[in-house]
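**Q** The structure under discussion is supplied below as structure tokens; questions concerning it will follow.
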Amino acid sequence: MLRRQARLRREYLYRKTVEDRQKSIQEKKDKIKRSLEENVPIHGDLQNKALHYAKKITWEDAGPEAAVQFGGESGGALANSQDDEYRYAGVEDPKLVITTSRDPSARL
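If you count by our numbering, then the sequence shown holds residues -15 to 92, one letter each, in order.
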């Protein structure tokens, strides 16, 4: 049980770091997009990656946002890992284990 909890904790922390990374990239893209639309000079911090992000902006659409709304896993910066315990509830049958042991091992 301790291994499982440690694994779940690691997975949660990994998802949070991926979310934060995607969120920061999306914020940079939004700033660049806003400055291009308003014809304002791009901030100095973003000038190095502005061309890279500008190329990505041209190919973006509402696909990731729609995936999040419909329950997709990879939903870009809008995906939320707050409560994914019941993500597959109703999709798969639950696994039941019947044992006569008073203290079953974690393998069960």
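Note that CB positions come from ideal geometry on N, CA and C, so glycine has one too.
This one's a predicted model, so the numbers in the text were calculated from it and none came from an experiment.
1) Between the stretch -12 to -3 and the stretch 20 to 29, are three or more C-beta pairs nearer than 8 angstroms?
2) Ordered along the chain, which non-local residues of its own chain (more than five positions away) have a Cβ less than 7 angstroms from that of residue 84?
3) How close, in whole Å, do the beta carbons of residue 30 and residue 12 come, if the pair is a contact with beta carbons under 8 angstroms?
4) Out of curiosity, what's the CA-to-CA distance linking residue 95 and residue 27?
5) What would DSSP say about residue 22, mapped onto helix, strand or coil?
6) Starting from residue 37, trace the alpha helix (DSSP H) in both directions and tell me its first and last residue.
7) According to DSSP, is residue 73 part of a helix, a strand, or is it coil?
8) Exposed or buried, residue 1, counting other C-beta atoms within 10 Å across all chains shown (16 or more means buried)?
**A** Looking at the atomic coordinates:
1) Judged by pairs of C-beta atoms under 8 angstroms, the stretch -12 to -3 does not touch the stretch 20 to 29, as fewer than three such pairs exist.
2) Nothing meets the Cβ criterion.
3) About 6 angstroms separates the two Cβ atoms, so the contact holds.
4) Since the first residue shown for the chain is -15 and the last is 92, residue 95 is missing from the structure and cannot be characterised.
5) Coil at residue 22, not helix or strand.
6) Residues 34 to 42.
7) Residue state, collapsed to three classes: strand.
8) Exposed.
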